[in-house]
Each structure stands twice: as structure tokens, then as C-alpha cells.
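Colleague: Quick one: structure below, then a few questions.
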Ligand SMILES: Cc1cc2nc3c(=O)[nH]c(=O)nc-3n(C[C@H](O)[C@H](O)[C@H](O)COP(=O)(O)OP(=O)(O)OC[C@H]3O[C@@H](n4cnc5c(N)ncnc54)[C@H](O)[C@@H]3O)c2cc1C
């Protein structure tokens, strides 16, 4: 069932059993998990079914620190959420990503990879991926002729990826609209969360839209699935009862914002032709491919973060501009167009490249950043059209991030040398070991994580291991905001798994 909240009478009261705020990857995955149950699910979406400039504008905000994409165009504000633009790269986190690592400050999840495995398997289905199997050996049987580099397996391993084409807005619209117990309200922007007097339980959510309508939503449980930056913003902006914002009694909401550093780091020059099909990827064609990863043992020995290196033909890569440069338009559609235009031009120019470069690759890092309390989302004085304070982002990296990127290529360089297949050349920005900074050209992956991190101790995290906001019994967070650390893989598979785990917990725990 669907209603456009612009067309409802002003001050309508909407009631249900569970209210999910945000119809993106997390929110839609969760709502569908409740389909055909006896519970009334309210799914609130701030936008409509298509891009709407007036809604997208609500996402605008300032950025400081390490250069970042405009906040307005770094995500999408309509049904289906940011999956409308995502590339579909999926891989689970590694077991080490959940562990406390004494060389990574503030690392460690209160759950393990084993706890998430059953939900990763479900998430793989929601995302229309292949089997929940990310072992190189499995894919080598499925897709013969994948040849790994002859590296020492105690040092470097092949981390496999699968590729989704699930654009939630297209894929799941019909199913959501036809579900008899899911009540979708579009143009229903949650702007405030109201609790009981002692701030232990949410009573209602206030929603608004640009038609000037205000409505109230009442439910037994509330799940915030608005994306990492927006979840923090909504908690911080809900400050009429808790002056510092909801769930923020330990000044943690918005802190530990993390991105994946996706950065061109080195060149691999092969001295003779070597098949690289295991490491190649073509959108819509490749079922699985690998990136080079450092084993957990070597990560511990070298005291580095978890990251991978992917291969891209150098003849093309040398003509591509950093996405941090081409994705600077506030309109996400225009930014996407600019990136594709640049990629098209690069592919054309590459056709003229002949000789040794045909056996050369750019190595692109994909790496977690160390959790950093100073890397954070805050709210400013400036308000959006609905009267909600805008989000600001201060993105800040640490020396461990730079050290880890450099170290990964020193390790890979040694392996390439020992295998006798070529040489690795570090990019300029990695050569000075005393330089901890990252250039402006450093890309993020549009992966927003960490602003309501999970910890059993309320002094160390905003949500507990069931994604419940500490101290507020019926308020939960679904999405990558809950990650204490982010591993190397893109976030959507894991955030979907985590949302399905939360869904399971709510079903099992609460009696309605
Ligand atoms: C260009 C690009 C490429 C990407 N590629 C990949 C990739 O290859 N692999 C990968 O894993 N990830 C990728 N991502 C990231 C991926 O899109 C996100 O991780 C994912 O969409 C996040 O899911 P979410 O549900 O948390 O947030 P979103 O998908 O952003 O959904 C949030 C939803 O909440 C709604 N909303 C927001 N505020 C409110 C409010 N106050 N009230 C009501 N509704 C609200 C929004 O309109 C939206 O529908 C990419 C992103 C971009 C931009």
C-alpha cells in the first residue's frame, strides 16, 4: 500500500507495529523481511519514486578536512536510496575485521563473522548475487581459466567479489506496493524523534514535506535506515528533550565517520604477458573477480589496516581523472555523467597506447580507514527547507591509514619480485615515508560508515550488538552507521546482512 504524504490531511496520525525510516538498501531489505506477517509495517521515505531536486537539496551540507564529494550528491534521496547509483560490488568482511586488533585503536565488533554468516547468505539473495561463497577455489571451478598470480599464499590471498545489479527502486517497488501489510509513505521526511519524559522510549516521529504538511507516526518499534550521515543528523537534531541529541549522552553520535579510501597507489609492470582475467571486471558481465589482499597474519605482523589492491589497465587508467575531481557537481546525476564522460574519453585515448604498457596495470587500493573520533558528522546552525539543521562532515584520516597503504605495496612489490613476473612502482604520494597526508585526489567510495558505532559498553558505542540505541528501548539503527570498523569491502552486502539480523532480532524478541 502506498500513500503520498503530501496529499494527506495536515496532522494525520499514522500508526503501525514497526516504523522503518528510509526506503534504501537497509530499509527495503528489512521491510520485505516482514512481508506477509501479521504486523503492520510503516515504511517512511523522504522522497518520491523519482529524483526530486527539492528533496535532494535537503541533503546539502558543508564538508571540511580531507577533500570530499558534495554531501548533496554523495547519496540519493528517493525510494531505493543510493542503490540508484551504486556499482554493485559486493564482498563480505573478513573474520579479522570483527576482531579487536591491538594495532588499530578503537577496533573490535561485539559480534563475529559467524554471527553474521546466516544473514550474509540471506543478503546475497536480496541483492540477487550468486551463492554465498566467496572462496577462490569455488569460483575457479565455476569459471575455469582464472589464473592467480604465483604469490606466497601465506602473504597474499585472492579476495573474491560478486557483482549485483539490484537497483532497489526498480527491483522492489512492485513487491513493496503489493504487500498487504507494508504501508509505504513517500514524501514523509522524519525530522524529529519524540520520546517519553525520561528519554527511554520513543513515542512518535514527526514527518514533514515541502507541501507544508506535518504528520505524526506512532509505533511500537522504530528503525532508522536513512543512511549513515542522515541517521546521525536525525539523532543529533532530535534535541528538544535531550539537548545533546538522542543517544548522544556520551558524545559519540556522528563520531568515527569512516569511508573507504579508493586510491590509485602504484603501477604493476609485467615483464612478460600473464593472464589477468581473475582480476578483471566488466559491468553486467563478470560474475566474480578477485582483488589482492594481505593475509591476517601479515597484517598483524606489519601492524597495518585491511585493504586490497585491484588491477586496471594502465593505458586507460593514466587518462582517467580522480573521481574526487569529476564528482564535484551538487547534482548527483550530473556528477555521475561527468565520471562516465571522463571514462569514455580515457577509453578512446587508450586505443592509441601500444608497446610495454599493454602489460602494465594501475593498482588501486581499497582500504578501511582507522576509526577516528575526530572524523565526524555534526549539525550546524543552518537549516533546510523543512527546518532541520543541516549535516556537516569533517572527514579526517590518520597516519596509520597512509602507512598501511604504503606497506601493502611494499609487500606486493616483494611478492612480484620473488615471483619474477615484473616490478611495482609506487605512486609519487607514497614515496616520502615522513609524509602522512593524502592528496586531494584521494577518492572515497561514497561509502558512509561508523557514525553510530556498535559496542556493548554505552561509553564506547551508540548502539548495542542488536543495533538498539543504548538507553532507548524501542529505537534501532539499520545500516553501515553501526560499523565499528569497516574492512576493505564496499558496505552494502554487510549492511544488508546486519539489517536482516536486526529484523530477525525484532521478530524474535518483541510481542505485539
Ligand atoms: C556512485 C556510487 C557507487 C556505489 N557503489 C557501491 C558498490 O559498488 N558497492 C557497495 O556496497 N556500495 C556502493 N555504494 C554505496 C551504497 O549505495 C550504499 O552503501 C547503500 O545504498 C546504503 O544503503 P542505506 O539503506 O544505508 O542508505 P540509502 O541507500 O542512501 O537509503 C537511505 C534512504 O533513506 C531515505 N531518507 C533519508 N533521510 C530520510 C528521512 N529523514 N526520512 C525519511 N527517509 C529518509 C533516503 O531518501 C533513502 O531512500 C555506492 C554509492 C554511490 C553513490
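In the numbering used here, the protein residues as written are 37 to 548. Built from N, CA and C at the ideal position, the CB exists for glycine as well.
(1) What residues match up with residue 243 in a beta bridge as DSSP calls it?
(2) What is the rounded straight-line gap between the Cα of residue 530 and the Cα of residue 333?
(3) Nearer than 8 angstroms: is that true of the beta carbon of residue 38 relative to any heavy atom of ligand 1?
(4) Taking contact to mean at least 3 C-beta pairs separated by less than 8 angstroms, is the segment 104–117 in contact with the segment 355–375?
(5) Suppose only complete runs of 4+ residues qualify. What are the alpha helix (DSSP H) ranges in the segment 433–484, listed by chain order?
(6) So for residue 313, helix, strand or coil by DSSP?
(7) Mind the definition here: the segment 355–366 touches the segment 463–474 only if three or more C-beta pairs lie below 8 angstroms; say whether that holds.
(8) Nearest by alpha-carbon distance to residue 201: which of 195, 319, 262, 437 is it?
(9) Which one of 364, 442, 100 has the shortest CA to CA distance from residue 549?
(10) Should residue 549 and residue 487 be called a contact, given that it needs their Cβ atoms to be closer than 9 angstroms?
(11) What's the gap between the Cα of residue 391 and the Cα of residue 160?
(12) How would you call residue 162, buried or exposed, if buried means at least 16 neighbouring beta carbons within 10 angstroms?
(13) Using the beta-carbon count (16 or more within 10 Å), is residue 236 buried or exposed?
(14) Thinking C-alpha only, which one of 205, 399, 79 is nearest residue 216?
(15) Which whole-angstrom value is the C-beta distance of residue 44 and residue 421, which I expect to be below 8 angstroms?
(16) Can residue 435 and residue 396 be called in contact, C-beta distance under 9 angstroms?
(17) By the 10 Å Cβ neighbour count, where 16 or more other Cβ atoms means buried, how is residue 546 classified, buried or exposed?
(18) Consider the C-beta atom of residue 364 and the heavy atoms of ligand 1; say whether any pair is separated by less than 8 angstroms.
(19) For ligand 1, any of its heavy atoms closer than 8 angstroms to the Cβ of residue 112?
(20) Since residue 328 and residue 458 should fall inside the 8 angstroms C-beta cutoff, what is the C-beta to C-beta distance between them, to a whole number of angstroms?
(21) Can you tell me where the alpha helix (DSSP H) holding residue 150 begins and where it ends?
(22) Based on Cα-Cα distance, which residue from 308, 249, 231 lies nearest to residue 275?
(23) Taking the Cβ atom as the reference point for each residue, do residue 127 and residue 198 lie within a distance shorter than 9 angstroms?
(24) So for residue 505, helix, strand or coil by DSSP?
(25) Tell me which residue opens and which closes the beta strand (DSSP E) that residue 259 is part of.
(26) Taking contact to mean at least 3 C-beta pairs separated by less than 8 angstroms, is the segment 437–446 in contact with the segment 337–345?
(27) Go to residue 360, then tell me how far its beta strand (DSSP E) extends in each direction, as first and last residue.
(28) What's the gap between the Cα of residue 298 and the Cα of residue 429?
(29) What residue ranges within the segment 267–335 form continuous beta strand (DSSP E) runs of no fewer than 3 residues, ordered along the chain?
(30) Decide if residue 454 is buried, meaning its Cβ has at least 16 other Cβ atoms within 10 Å, or exposed.
(31) Give me the Cβ distance between residue 346 and residue 389, rounded to the nearest whole Å; I'm assuming they're in contact under 8 angstroms.
(32) Which same chain residues end up closer than 6 angstroms to residue 142 when comparing Cβ atoms and leaving out the 5 residues on each side of it in sequence?
(33) For residue 132, tell me which candidate among 121, 125, 120, 145 has the shortest Cα-Cα distance.
(34) From residue 289 to residue 268, what distance separates their C-alpha atoms?
(35) I need the straight-line Cα distance from residue 311 to residue 393, nearest angstrom please.
(36) Does the beta carbon of residue 115 fall short of 8 angstroms from some heavy atom of ligand 1?
Modeller: In short, the structure shows the following:
(1) Partner residues in the beta bridge of residue 243, as assigned by DSSP, are 226, 251.
(2) The C-alpha of residue 530 lies about 23 angstroms from the C-alpha of residue 333.
(3) False, no ligand heavy atom lies under 8 angstroms from that Cβ.
(4) Enough Cβ pairs lie closer than 8 angstroms, so yes.
(5) Counting only runs that start and end inside the segment 433–484, the alpha helix (DSSP H) elements of at least 4 residues fall at 435–455.
(6) In the structure shown, residue 313 sits in a helix (DSSP, three-state: H, G or I).
(7) Touching, no, given that fewer than three Cβ pairs across the two stretches are closer than 8 angstroms.
(8) Comparing Cα positions, the closest option is 319.
(9) There is no way to answer for residue 549, as the model of the chain reaches only from 37 to 548.
(10) Outside the shown range of the chain, which is 37 to 548, sits residue 549, and nothing can be said about it.
(11) Using only the alpha carbons, I get a separation of about 41 angstroms.
(12) By the neighbour-count rule (16 or more Cβ atoms within 10 Å), residue 162 is buried.
(13) With fewer than 16 other Cβ atoms from the protein chains shown falling within 10 Å of its own Cβ, residue 236 counts as exposed.
(14) For residue 216, the nearest C-alpha among the options comes from 79.
(15) That belief does not hold up - the Cβ atoms of residue 44 and residue 421 are roughly 19 angstroms apart, past 8 angstroms.
(16) Note that the C-beta distance between residue 435 and residue 396 is not below 9 angstroms.
(17) Classification of residue 546: exposed, given that the 10 Å Cβ count is below 16.
(18) Answer for residue 364: no, Cβ out of range of ligand 1.
(19) Of the heavy atoms belonging to ligand 1, at least one sits nearer than 8 angstroms to the Cβ of residue 112.
(20) With 8 angstroms as the limit, residue 328 and residue 458 do not qualify as a contact, their Cβ atoms being about 13 angstroms apart.
(21) That run of the alpha helix (DSSP H) goes 149–162.
(22) Answer by Cα proximity: 231.
(23) Taking 9 angstroms as the Cβ cut-off, residue 127 and residue 198 qualify as a contacting pair.
(24) The three-state reading of DSSP puts residue 505 in strand, counting E and B together.
(25) Going by DSSP, residue 259 is part of the beta strand (DSSP E) stretching over 257–260.
(26) Using a C-beta cut-off of 8 angstroms, the segment 437–446 makes contact with the segment 337–345, since at least three inter-stretch Cβ pairs fall below that distance.
(27) Note, residue 360: premise wrong, no beta strand (DSSP E); alpha helix (DSSP H) at 359–362.
(28) Using only the alpha carbons, I get a separation of about 19 angstroms.
(29) Within the segment 267–335, the complete beta strand (DSSP E) segments of 3 residues or longer fall at 297–306, 324–330, listed in chain order.
(30) Exposed.
(31) With a Cβ gap of about 20 angstroms, residue 346 and residue 389 do not count as contacting.
(32) Taken in chain order, the residues that qualify are 407.
(33) When each option's Cα is compared against that of residue 132, the closest is 145.
(34) Their backbone Cα atoms lie some 6 angstroms apart in a straight line.
(35) Looking at the two C-alpha atoms, the distance is approximately 15 angstroms.
(36) At a cut-off of 8 angstroms, the beta-carbon of residue 115 counts as near ligand 1: some heavy atom of the ligand is closer than that.
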